[in-house]
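Notes to accompany the following structure.
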């Protein structure tokens, strides 16, 4: 029986990756809190996880064997990148609500910690199994 | 892992906000700088912010997906524009900079507006520092993965 490290770690590695991606998008929103015409964005985390789950179940990924092939690894992530619906209009066309974005960023960081905790549990579990004590 | 790009994003935000704070300081410092002609008078300076799109940094992606894709890569200052609001003209014949008719020109700096701008930019700066701190602790966390 071959041990697949990818399968052993479960969904948590993908969720951690998704959290980092979302943190990046939210950080970008906050950096552009005063940019005229900037539209706040966010990642549909559920859709992202669903895609990761499907990818894990099927086990079929696409490889790039030639440099002129399209890079599909970033394409999937971008399709979940959506625009936020603003609560109130602003004169300069900016849709960033700094307080809300900061709350979301903090929440995302906490969720990241949770995912990390799970992943760490998996890793220490595997280590324990390997050491055979 | 693209945690590193959060540092770039928050860093670009801090640069932009500190430049805005810089122009505000310059405006307030020059709020009472008198001169004898409209050309020489100091005018309020404002930075123009613009979002950086990630596709601009990576041209190969731009060809495939268009410039709208990607989460973006922070904020940049496109330039600094001088306000074209009307200058203040005061009748002060005793002033050393007064012109022939006895008028002195004062900058079009609105000090109240500048103070509000200053608060906004210092809060923006703080926010970016918070983001950077969070990203730092996230990164430090990931380094401890698998440790006892």
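Chains as they are written, first to last, in my numbering: chain L, 1 to 133; chain V, 134 to 281. Glycine included, each C-beta is placed from N, C-alpha and C at the ideal position.
Worksheet item: Comparing alpha-carbon positions, which option in V:160, V:262, V:139 and V:144 lies nearest residue 214 of chain V?
Response: The residue labelled residue 214 of chain V in the question sits at position 81 within the second chain. Among V:160, V:262, V:139 and V:144, the Cα nearest to that of residue 214 of chain V is on V:160.
Item to complete: Kindly examine the ligand ZN and report whether one of its heavy atoms sits closer than 7 Å to the Cβ of residue 13 of chain L.
Response: Annotation note on the ligand ZN: not contained in the displayed structure, which lists no ligands.
Worksheet item: Tell me which same chain residues have a C-beta within less than 7 Å of the C-beta of residue 84 of chain L, skipping the five on either side of it?
Response: Position 84 of the first chain, counted from the first residue, corresponds to residue 84 of chain L. Correct list, in chain order: 40, 41, 42 and 95.
Discussion item. Between which residues of its own chain and residue 11 of chain L is the CB-CB distance below 6 Å, once the five residues before and five after are set aside?
Written reply: Sequence index remark: in the first chain, residue 11 of chain L carries index 11 (1-based). Cβ neighbours of residue 11 of chain L beyond the five flanking positions: none.
Item to complete: Have a look at residue 131 of chain L and residue 120 of chain L and give me their C-alpha separation to the nearest angstrom.
Response: Start at 1 with the first residue of the first chain, and residue 131 of chain L comes out as number 131. Start at 1 with the first residue of the first chain, and residue 120 of chain L comes out as number 120. Looking at the two C-alpha atoms, the distance is approximately 16 Å.
Practice prompt. Kindly list the residues whose CB is nearer than 6 Å to the CB of residue 257 of chain V, restricted to its own chain and excluding five residues on each side of it in sequence; keep chain order.
Written response: What you label residue 257 of chain V is simply residue 124 of the second chain in a count that begins at 1. So the qualifying residues of the chain are 150.
Discussion item. Just verifying my parser: in three-state terms, what is the DSSP assignment at residue 75 of chain L?
Written reply: Within the first chain, numbered from 1, the residue matching residue 75 of chain L stands at position 75. Here the model assigns residue 75 of chain L a pLDDT of 49, short of 50, so the residue's position is not dependable, and the following value carries that caveat. In the structure shown, residue 75 of chain L sits in a helix (DSSP, three-state: H, G or I).
Worksheet entry | Straight-line gap, residue 172 of chain V to residue 226 of chain V (C-alpha atoms, nearest Å) | On the second chain, position 39 is the one that residue 172 of chain V refers to. On the second chain, position 93 is the one that residue 226 of chain V refers to. A straight-line Cα-Cα distance of about 19 Å links residue 172 of chain V and residue 226 of chain V.
Worksheet item: What separation, rounded to the nearest whole angstrom, lies between the Cα atoms of residue 21 of chain L and residue 114 of chain L?
Response: For the purposes of this step, residue 21 of chain L is taken as the residue at position 21 of the first chain. For the purposes of this step, residue 114 of chain L is taken as the residue at position 114 of the first chain. So the alpha carbons of these two residues sit roughly 16 Å apart.
Worksheet item: Going along chain V, which residues have a C-beta under 7 Å from residue 109 of chain L?
Response: As a working mapping, residue 109 of chain L is identified with position 109 in the first chain. The answer, in chain order, is 267 and 271.
Worksheet entry | Contacts that residue 164 of chain V makes with chain L (C-beta to C-beta distance below 7 Å) | Your numbering for residue 164 of chain V matches position 31 in the second chain. The contacting residues do not exist; residue 164 of chain V stays about 22 Å from chain L at best.
Practice prompt. Compare the C-beta of residue 212 of chain V with all C-beta atoms of chain L and state if any pair is closer than 8 Å.
Written response: Position 79 of the second chain, counted from the start, is the residue given in the question as residue 212 of chain V. No, because no Cβ of chain L sits closer than 8 Å to the Cβ of residue 212 of chain V.
Worksheet entry | Per DSSP, the bridge partner or partners of residue 213 of chain V | Here residue 213 of chain V refers to the residue found at position 80 of the second chain. According to DSSP, residue 213 of chain V bridges with V:180.
Discussion item. Would you say residue 30 of chain L lies against chain V (beta-carbon separation less than 8 Å)?
Written reply: Against the first chain, residue 30 of chain L aligns to sequence position 30. At least one chain V Cβ lies under 8 Å of residue 30 of chain L.
Fill in: CB of residue 179 of chain V within 8 Å of CB of residue 145 of chain V, strictly
As a working mapping, residue 179 of chain V is identified with position 46 in the second chain. As a working mapping, residue 145 of chain V is identified with position 12 in the second chain. Not closer than 8 Å, so no.
Fill in: Option in L:33, L:68, L:16 and L:24 with minimal Cα separation from residue 100 of chain L
Residue numbering aside, residue 100 of chain L sits at position 100 when the first chain is read from its first letter. Here the closest residue by C-alpha is L:33.
Discussion item. Short of 8 Å Cβ to Cβ, which residues in the stretch 102-126 of chain L face chain V?
Written reply: 102, 105, 106, 109, 112, 113, 116, 119, 120, 123 and 124
Worksheet item: Using the rule of at least 16 other Cβ atoms within 10 Å of the residue's Cβ for burial, across every protein chain shown, is residue 89 of chain L buried or exposed?
Response: On the first chain, position 89 is the one that residue 89 of chain L refers to. Exposed, since its Cβ has fewer than 16 Cβ neighbours within 10 Å.
Discussion item. Any beta carbon of chain V sitting closer than 8 Å to that of residue 85 of chain L?
Written reply: As a working note, residue 85 of chain L is residue 85 in the first chain. Closer than 8 Å: no.
Worksheet item: Along the chain, where does the beta strand (DSSP E) that runs through residue 38 of chain L open and close?
Response: In the first chain, counting from the first residue as 1, residue 38 of chain L sits at position 38. Taken as a continuous stretch (DSSP letters only), residue 38 of chain L belongs to no beta strand (DSSP E), as it is neither H nor E.
Item to complete: Mind reading off the beta-carbon distance from residue 31 of chain L to residue 207 of chain V? Whole number of angstroms is fine, and I expect it under 8 Å.
Response: The count along the first chain starts at 1 and reaches residue 31 of chain L at position 31. The count along the second chain starts at 1 and reaches residue 207 of chain V at position 74. With a Cβ gap of about 5 Å, residue 31 of chain L and residue 207 of chain V count as contacting.
Worksheet item: Under 8 Å between C-beta atoms, does residue 261 of chain V make it to chain L?
Response: Here residue 261 of chain V corresponds to residue number 128 of the second chain, with the count starting at 1. Residue 261 of chain V counts as touching chain L.
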